[in-house]
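In my numbering, the protein residues as written are 2 to 63. Ideal placement from N, C-alpha and C gives every residue a C-beta, glycine not left out.
So this is what it looks like as structure tokens:
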């Protein structure tokens, strides 16, 4: 769930908790590190999720 839908994962693990801004940042940093670890362990050479799945060159015709 961390890999495909990190926002939902964040919502689930923080359900009912009162977080400071620092807590939120730390959780997001942990999610990012875990995503990288999962991708590395699975030896996935491409990233087909989130912003990585989109071509963002800025050209409307591209």
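Delimiting residues of the alpha helix (DSSP H) encompassing residue i
i	result
residue 20	Looking at the DSSP string, residue 20 is not in any alpha helix (DSSP H), and its letter there is neither H nor E.
Expected contact under 8 Å - CB spacing of residue i and residue j to nearest Å
i	j	result
residue 32	residue 11	7 Å
Contacts around residue i, its chain only, beta-carbon distance under 8 Å, and the 5 residues preceding and following it disregarded
i	result
residue 28	11, 14, 15 and 20
residue 23	none
residue 30	none
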